[in-house]
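2 protein chains.
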Amino acid sequence: MTTQRHIAKLAKTSLKTVSRVINKDPLVNEKTRKRVEKIIADVGYQPSQAARMVRSQTSNIVGFVADRVATTPSSIDLIRGAQDEAWDRGKHMMLFNIEEGKDSATLAAQQLSAFRAEAIIHAAVFHQKVSVAAGDIPYVLLNCFEEETRFPTVVPDDARLAYDLTERVLSAGYCRPLFLNLASNIVASGLRARGFVEAGEVRGIDLFDRVVEAAVPDAEGISYLTDQILPAAMKSDNPPDVIVCGQDLMAIGVYSILQGLGLKIGQDVAVVSFDNLMPLAELMVPGLTTVELPYYDMGRAAMALAIDGQEEPRIHRLHGRIAERQSL
Amino acid sequence: MTTQRHIAKLAKTSLKTVSRVINKDPLVNEKTRKRVEKIIADVGYQPSQAARMVRSQTSNIVGFVADRVATTPSSIDLIRGAQDEAWDRGKHMMLFNIEEGKDSATLAAQQLSAFRAEAIIHAAVFHQKVSVAAGDIPYVLLNCFEEETRFPTVVPDDARLAYDLTERVLSAGYCRPLFLNLASNIVASGLRARGFVEAGEVRGIDLFDRVVEAAVPDAEGISYLTDQILPAAMKSDNPPDVIVCGQDLMAIGVYSILQGLGLKIGQDVAVVSFDNLMPLAELMVPGLTTVELPYYDMGRAAMALAIDGQEEPRIHRLHGRIAERQSL
DNA sequence: CACAAAATGTCTCACGTAAGACAATTTTGG
DNA sequence: CCAAAATTGTCTTACGTGAGACATTTTGTG
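Line by line, the protein sequences give chains A and B.
Going letter by letter, the first sequence gives residues 8 to 335 in the numbering used here.
Going letter by letter, the second sequence gives residues 8 to 335 in the numbering used here.
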């Protein structure tokens with residue numbers, strides 16, 4: 008493997024001068040610097056990170072422990088955001104995909120400890136409560152939170168997202184929304200219901216009774232109750248004029264049911280949702296108006312917190328935007 | 008930071024003995040070993056990887072350079088497979104998500120070089136031809152290939168997948184399939200068309216004219232021509248009895264069109280596809296019968312090749328399986 | 001040419017781990 | 001209790017990089 012010694016030999020100079028060039032010591036003559044830099048570039052030499060880490064006692068590594076994050080499409084942006092921020096700040100990110108049951112969480116922690124990671128971002132696949140076994144490496148929680156806020160925490164502002172979406176729907180003239188919410192054990196569920204109802208209150212519409220739990224956890228993750236709830240609701244005396252789905256995947260079934268009832272989505276009845284699952288939301292016919300969760304920004308924010316460190320632990324709630332399409 | 012010196016002090020023993028325990032030197036007495044190991048466990052000490060790398064001149068690191076892989080759901084399994092294999096083999100995997108335009112590819116290569124990675128897996132988001140700027144670190148290509156096979160290469164066996172799917176369809180009694188293929192510039196497209204036609208030949212059915220290019224590349228990636236092709240085809244004298252979609256996302260639109268024509272999918276006409284995009288394929292109504300690409304196994308295979316190294320460069324084609332649901 | 005300033009060189013130590021050489025101590029077996 | 005064996009300790013070197021101390025050489029300026 009090439010070392011600074013090899014470079015020195017090639018440049019017919021001393022180890023010290025090479026070291027000076029690499030570490031940008033201003034004492035070196037411009038011509039010498041150019042010559043050495045050319046040789047470094049020519050042989051493609053990169054100083055050994057390992058040796059630097061030993062010598063400098065810093066790793067510049069931030070761990071990203073992804074609790075099944077890498078198994079779902081949208082939350083991938085958490086990773087992308089975190090990595091972009093890390094690179095912009097000259098840090099390295101080590102990613103670990105951990106999965107339930109396996110002791111992968113422990114293994115990831117051990118490896119990060121062995122690499123002397125400066126911080127660990129613990130990311131969850133959906134907004135949920137967790138409990139991490141923290142060692143001496145500072146943590147940042149991403150898309151999840153602990154009972155007590157021991158660490159900086161970055162989550163989506165679900166209440167606000169639901170509020171904004173509902174406000175958008177009501178301001179478009181719809182007044183009988185039906186919220187097919189996610190299972191009540193899902194954190195986002197309660198927060199979104201609150202935002203939904205609050206947006207109604209502002210306009211003097213009581214939406215409290217217009218929230219229905221339309222999903223239940225099951226062996227494979229989630230199962231939807233839309234086919235039990237929706238047809239009945241649509242045939243009632245006072246049918247909803249807009250369906251708010253707990254997530255885009257639920258909207259697939261909702262589309263199918265509404266179309267089966269002979270209703271034109273976007274005309275007879277509107278459908279809005281949460282996730283902006285791409286390219287699904289765009290390919291659905293008609294395109295689905297849905298709230299985009301700020302995953303990319305959350306990833307960046309978490310990495311920034313991890314790198315800067317030492318802030319008072321608090322919860323950062325990030326806003327998203329509405330992706331408008333033809334279903335509204 | 009804790010070092011072996013600290014451990015030695017805590018265990019009231021010498022640095023050498025701690026080193027012996029950690030490196031499993033059989034010379035140490037059982038009681039001493041236990042005592043030292045207990046202290047190591049208690050303080051949660053992990054030997055510094057950086058120092059080990061410097062000392063042993065090996066990194067045990069394999070780079071995973073993901074060309075937009077982390078932006079799409081299915082190909083995530085490439086990453087999961089690779090990481091699982093790496094862990095099983097006691098290696099570390101460093102992931103880099105690179106994106107066009109940015110110089111992220113160069114940056115990733117530099118960082119991996121600085122970490123003295125033992126190999127680099129270059130993965131693509133879909134089966135395609137690439138050209139990598141290889142340095143002195145051995146490469147493995149995953150879900151992509153070069154003009155000349157310079158490196159071990161792992162790709163899905165698209166021709167075989169299409170053959171198997173078509174054979175399955177024909178053996179179920181369907182005899183007028185219509186293949187809405189992907190754009191012809193997509194590698195998988197040509198391979199699948201071949202498999203499709205070959206499966207017909209075996210049964211004496213000429214399927215050559217039953218392949219249509221139903222997708223074109225556009226600014227946002229892909230745009231489908233299904234609404235121009237499919238309605239006409241269904242209203243022709245000899246309408247297809249099964250639609251083979253180039254990918255699950257295309258099937259969303261196909262479902263919508265067929266249902267719009269009043270046809271019951273799985274009864275009046277069957278639909279099959281490629282990707283097994285979860286949970287989409289399962290949530291579509293009816294569930295979509297589709298071929299699952301062997302991404303997880305491909306990831307594992309690529310990592311195995313990267314770790315073992317030095318095999319004669321050749322192309323490894325992996326098979327997938329058919330996920331059967333109600334659309335067939 | 002003289003002299004200071006700039007540039008480059010040599011030498012040394014440090015980081016944490018690994019391992020060889022070999023001395024010192026403890027344990028074991030008779 | 002003694003000798004041999006087992007165990008533990010001390011000391012040293014090495015890995016690649018970074019940097020301080022300081023000597024030597026080259027360059028610039030009058």
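Where is the CB? At the ideal position from N, CA and C, for every residue including glycine.
Here the structure is a predicted model, which is why all the values come from computation and not from measurement.
Gln-135 of chain A sits in a strand when the DSSP states are folded into three classes. Within chain B, the residues Ser-55, Ala-57, Ala-58, Val-61 have their CB atoms less than 8 Å from the CB of Val-61 of chain A, given in chain order. Look at His-99 of chain A here: in three-state DSSP terms it is strand.
Scanning B:Asp-49, B:Leu-149, B:Pro-247 for the CA closest to the CA of Pro-301 of chain B turns up B:Leu-149.
For His-326 of chain B and Tyr-170 of chain B, the gap between their C-alpha atoms comes out near 11 Å. When the Cα atoms are used, Gly-294 of chain B and Arg-332 of chain B turn out to be separated by approximately 5 Å. A contact is defined here as three or more CB-CB pairs under 8 Å, and the segment 237-252 of chain B fails this definition with respect to the segment 157-168 of chain B.
Residue contact check for Leu-265 of chain B against chain A: no CB pair falls below 9 Å. From the listed residues B:Glu-106, B:Arg-12, B:Glu-92, B:Leu-265, the smallest Cα separation to Ile-236 of chain B is found for B:Leu-265.
In the structure shown, Phe-122 of chain A falls within a coil segment according to DSSP collapsed to helix, strand and coil.
The segment 243-276 of chain B contains, as complete alpha helix (DSSP H) runs of 4+ residues, the segments 255-267 (chain order). Burial is judged here by how many other beta carbons sit within 10 angstroms of a residue's own beta carbon; Ser-191 of chain A has fewer than 16 and is exposed. DSSP links Asp-225 of chain A through a beta bridge to A:Gly-228. When B:Leu-256, B:Lys-271, B:Tyr-303 are compared, the shortest CA-CA separation from Glu-289 of chain B is found for B:Leu-256. Within the segment 106-122 of chain B, the residues whose Cβ lies closer than 7 Å to any Cβ of chain A are, in chain order, Leu-114, Gln-117, Gln-118, Ser-120, Ala-121, Phe-122. The distance from the Cβ of Ile-144 of chain A to that of Ser-120 of chain A is about 7 Å, consistent with a contact at the 8 Å cut-off. Interface annotation, Met-305 of chain B: not in contact with chain A, CB-CB separation never under 9 Å. In summary, Glu-299 of chain B is buried, with 16 or more beta-carbon neighbours lying within 10 Å of its beta-carbon over all protein chains present. By the neighbour-count definition (other C-beta atoms within 10 Å, threshold 16), Asn-30 of chain A is an exposed residue. Below 8 Å, too few C-beta pairs join the segment 44-51 of chain A and the segment 94-107 of chain A to call them touching: fewer than three. Beta-bridge partners assigned by DSSP to Ser-280 of chain A: A:Thr-297. In the structure shown, Leu-185 of chain A falls within a strand segment according to DSSP collapsed to helix, strand and coil. Secondary structure at Ala-288 of chain A: helix, using DSSP grouped into helix, strand and coil. Interface criterion not met: the Cβ of Leu-187 of chain B is under 9 Å from no Cβ in chain A. Cβ-Cβ distances below 6 Å link Val-161 of chain B to Leu-149, Met-305, Ala-308, Ala-309, His-323 in the same chain, with the five nearest sequence neighbours on each side left out; the list follows chain order. Judged by beta-carbon spacing, Thr-173 of chain A lies beyond the 9 Å limit of Gly-211 of chain A, meaning their Cβ atoms are not closer than that value.
Here Glu-220 of chain B is bridged, per DSSP, to B:Asn-188. One finds Leu-102 in chain B with Cβ atoms closer than 7 Å to the Cβ of Leu-102 of chain A, taken in chain order. Excluding residues up to 5 positions away in sequence, Gln-11, Ile-29 lie with their Cβ nearer than 8 Å to the Cβ of Pro-54 of chain B in the same chain. At a C-beta separation below 7 Å, Ser-138 of chain B has no neighbours in chain A, since its nearest C-beta there lies roughly 18 Å away.
About 7 Å separates the beta carbon of Leu-214 of chain A from that of Pro-184 of chain A, a gap short enough to meet the 8 Å contact definition. For Ser-66 of chain B, the chain A residues whose Cβ falls inside 8 Å of its Cβ are Ala-57, in order along the chain. Spatial neighbours of Arg-175 of chain A in its own chain (CB-CB distance under 7 Å, excluding positions within 5 residues in sequence) are listed in chain order as Ile-329. In the DSSP assignment, the residues bridged to Ile-329 of chain A are A:Val-298. Under DSSP, Asn-104 of chain B forms a beta bridge with B:Ala-73.
With a contact defined as Cβ atoms closer than 8 Å, Gly-228 of chain B and Leu-187 of chain B miss out at about 17 Å.
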